[in-house]
Structures are given as structure tokens and as C-alpha cells.
Amino acid sequence: MTTMKEIAEQTGVSVSTVSLVLNNRDAGRVKPRIAARVRETAQRLGYTSNPLARSLRTGKTRILGFISEEIATTPYAGGIILGAQDAASALGYMLLTVNTDGATNEDDEIATLKRYGVDGFMYAKMSNRYADVPDSLGDYPLVLVDATDRAGQFPSIEPDEFRIAYDATARLIGAGCERIAYVGCSEPMIAQDGRLEGYRRALEDAGRDYDDRLVANVLNNGPALRDVSDLFDRACPDGFFCFNDARAWYVYECAARRGLTIGKDVSVVGVDNHRVFAETFYPQLTTVELPHYEMGYWATCKLVSMIEQRDLHDLALPRTTAPLPPLDAPIPAKIHCTLIEKESVRG
């Protein structure tokens with residue numbers, strides 16, 4: 001097994017310098033050129049740290065706890081966990097994930113993670129909403145994912161809901177749509193508020209009046225289909241911005257029943273880039289991709305920066321669909337999502 005002493009001898013520096021670099025405590029203490037040489041030598045020699053020895057020495061396990069509510073059982077949101085895992089690996093941490101069903105077993109799962117000695121927690125929700133952080137997490141470094149702390153005490157990361165709607169509506173305006181409808185969500189949540197406001201503002205910035213007769217806030221199944229059908233009949237929209245890809249199905253169905261062609265007679269933009277919907281609809285659905293991977297990656301980086309009390313300026317970030325905000329972004333940090341062009345908006 002390669003030792004720090006061997007790395008020190010190879011690079012011509014002290015063992016203490018090697019220790020600072022390999023424990024990510026070199027910022028402001030070791031010249032970047034020397035730190036890079038130490039890391040390159042360690043990689044070349046196949047150096048691996050001893051987690052147990054390190055945890056006994058530092059009091060840190062380099063284990064992060066990820067608490068999710070239904071995310072682990074929601075296929076398209078699994079990207080949050082993947083992003084968190086990739087960032088944890090890049091930073092030399094292990095990620096332990098638990099899935100809860102709400103208050104009934106949440107405290108038990110948190111207690112389990114604490115017994116493993118986690119250094120900090122991520123707390124994620126199924127969709128962007130206000131969350132009440134459990135009291136049992138109050139004394140740990142904590143970052144919320146796809147949620148906002150109602151009490152405003154902890155940092156969080158979420159999609160920029162306003163920009164999602166603004167960009168989608170602007171795309172429909174640019175395509176020449178004259179009567180743009182919004183098929184929203186009747187359940188109160190941050191995402192609905194932000195998307196309705198973004199839709200309204202994009203219309204106003206284009207010199208158009210907001211008309212609530214062009215808005216249908218729905219849940220799902222039969223009642224939603226009837227409401228969207230009524231919207232077609234009373235307002236005759238030629239463009240639709242939908243709260244998510246699932247709601248875009250109602251638009252496709254209603255258009256087909258009226259002999260209208262999506263992408264020609266009616267243009268549609270959804271949100272999610274959900275594989276089942278966005279890739280199986282015909283024509284394929286233009287949609288705004290939610291930044292699940294990016295939120296998980298950013299949250300892990302933010303959490304580690306809090307644990308280690310450093311800015312991670314030396315971390316090489318991955319190439320992602322949406323750009324990651326800086327770790328010191330105003331809270332809640334927001335990710336500007338990317339509109340994925342397909343075939344449901346007329347050229």
C-alpha cells in the first residue's frame with residue numbers, strides 16, 4: 001500500500017504537505033502547482049486513504065446522508081441521487097440514501113443514518129415545495145434539494161420555476177402563436193406559483209394581455225381531460241404551455257379529437273423531459289428539462305463545502321445540461337433549466 005511518506009519522497013515535499021492536499025485542506029496553505037503535483041503522484045502510485053483511520057483522526061467519517069420522500073421510487077427524479085452520488089465520489093465521500101414515506105418513519109431513518117456517523121444531510125422532496133425540516137436534523141450541516149426550508153434556516157437548490165415558464169411561453173410567442181394557454185396544477189406549490197407568474201410575465205413583455213380564460217389548473221385523469229377540452233372549446237388556443245409533460249397528454253388527446261395536428265395547428269411545450277411522455281408522444285414533445293442531476297450534484301458540493309468550511313474552487317465540475325449556479329448563490333439557489341427542442345412547436 002502506498003503511503004503519504006512515499007508520495008512526499010516522490011514529490012520532494014513534507015509529509016504534512018501531502019496530508020493537507022490529500023485531505024482537501026490545502027486551499028490557502030499549499031501552492032496550487034505543488035498540490036496538483038501531489039495529487040498526480042498519489043494517483044499514479046495508486047494511493048488510497050484508510051477511511052477508518054482518517055475518521056478516528058479527524059472525527060469525520062466522510063459519509064453523507066441523503067433523505068428522500070418518494071424520490072427513490074420516482075424514476076425520472078432518480079437523477080437527483082445519481083448527481084449526488086457522482087459529486088460525493090468526486091469529493092471522496094460515501095453517500096447513504098434512505099427513502100421515507102413521510103413523518104411515520106422519517107425519524108427512524110434519520111436515527112439510522114446518525115448511527116453511521118454521517119457528517120451531514122441532504123433532505124429532498126418529490127417536487128419543489130416548502131418543507132419543514134425535522135428537528136432531529138437541526139444540529140447538522142444540511143442542504144435541501146428540490147425544496148425550500150419554510151423557516152429559512154438552511155440552504156437549498158431548486159429549478160428556476162419562473163424562467164421555466166418564461167422561456168417556454170417565449171418560445172411559443174416566437175413560433176407565432178396568438179392565443180397561448182397555460183395548463184397548470186391546481187395543487188398549491190412553489191412550482192405552480194413560479195410557472196404561472198413566468199407565463200404571465202412573458203406575455204406582458206411581448207405586449208400581450210394576460211387572460212385568465214386561457215388558464216386551466218388541473219390535477220389528473222378524467223376531470224383534467226374535461227377541463228382541457230373545455231379550454232379548447234371556449235378559447236381556441238393555438239399554443240399551450242403545460243405544467244408538466246403528463247398534462248401535455250390532455251392537449252394531444254383533445255387536439256386529436258378535433259382533427260388538429262400538434263406542431264402544425266397547435267404548438268405545445270411541456271416540462272420534465274420525462275422519457276415516457278417526451279419520447280413516446282408523436283410528434284415528440286418540446287419540453288423544459290428539469291435539472292435533477294444538477295440539483296443532486298450542487299447540493300452535495302454545497303454540503304461538503306459547509307462540512308469542510310471551504311469554497312471548493314478547485315473542483316472540476318461535470319458538463320451538465322443546465323449550468324450549475326455558484327455555491328455562494330443567494331438562497332434558494334436556482335438552476336436555469338434548458339428547453340429541449342423537439343417537434344411539437346411549429347417552426
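Heads up: the sequence shown at position 186 corresponds to 186 in UniProt numbering, and the numbers run straight through without jumps. For each residue, glycine too, the CB sits at the ideal point set by N, CA and C. Predicted, not measured: the structure shown is a model, and the values here were computed from it.
When the options are compared against residue i, the one with the closest alpha-carbon
i      : options                       : result
Ala77  : His292, Leu317, Lys334        : His292
Asn217 : Ala206, Cys185, Gln192, Arg25 : Cys185
Tyr93  : Asp108, Leu22, Thr148         : Leu22
Pro121 : Gln43, His313, Cys301         : Reading the sequence as shown, one finds Phe at residue 121 and not Pro. The residue with the shortest Cα to Cα distance from Phe121 is Cys301.
Asp272 : Ser136, Ala246, His313        : Ala246
Ile335 : Gly347, Ser14, Thr320, Thr48  : Thr320
Pro330 : Tyr123, Gln153, Gly83         : Gln153
7 Å Cβ shell around residue i - same chain, five flanking residues per side excluded
i      : result
Ser19  : Met4
Ala235 : Arg179, Ala181, Arg213, Leu214
Asn128 : Asp146, Ala147, Glu158, Pro159, Glu161, Met189, Ile190, Ala191
Ile262 : Tyr252, Ala255, Val268, Pro283, Ser344
Leu327 : Cys301, Lys302, Ser305, Asp311, Leu312
First and last residue of the uninterrupted beta strand (DSSP E) at residue i
i      : result
Ser186 : Neither: Ser186 is in no beta strand (DSSP E) and is coded neither H nor E.
Cys242 : 239–242
Lys334 : 333–335
Pro159 : 156–159
Ala147 : 142–149
Thr320 : Looking at the DSSP string, Thr320 is not in any beta strand (DSSP E), and its letter there is neither H nor E.
Straight-line gap, residue i to residue j (C-alpha atoms, nearest Å)
i      : j      : result
Gly28  : Lys125 : 37 Å
Ala206 : Thr169 : 10 Å
Gly176 : Gly46  : 59 Å
Arg39  : Glu106 : 40 Å
Arg57  : Asn24  : For Arg57, the predicted structure reports a pLDDT of 48, less than 50, and the residue's modelled location is therefore unreliable. The matter cannot be settled from this model.
Leu285 : Phe277 : 8 Å
Neighbourhood of residue i by C-beta, 8 Å cutoff - its chain only, sequence neighbours within 5 removed
i     : result
Leu96 : Ile63, Leu64, Gly65, Phe66, Leu113, Tyr116, Val118
Neighbourhood of residue i by C-beta, 6 Å cutoff - its chain only, sequence neighbours within 5 removed
i      : result
Ala224 : Val218, Tyr250
Ala202 : Tyr166, Thr169, Ala170
Ile110 : Ser136
Opening and closing residue of the alpha helix (DSSP H) in which residue i lies
i      : result
Leu22  : 15–22
Thr338 : Where Thr338 is concerned, there is no enclosing alpha helix (DSSP H), although the beta strand (DSSP E) it sits in stretches over 338–340.
Thr41  : 32–44
Gln10  : 4–11
At what residue ranges does the stretch 232–308 contain a whole run of the beta strand (DSSP E), taking only runs of 3 or more?
-> Entirely contained in the stretch 232–308, the beta strand (DSSP E) runs reaching 3 residues are, in chain order, 239–242, 267–272, 286–289.
Where in the stretch 203–232 do unbroken runs of the beta strand (DSSP E), each at least 3 residues long, occur, reported from the N-terminal end onward?
-> Qualifying beta strand (DSSP E) stretches, in chain order: 215–218.
Could you name each continuous beta strand (DSSP E) segment of 3 residues or more that falls completely within the stretch 58–136, going from the start of the chain to the end?
-> Correct list: 63–69, 94–100, 120–131.
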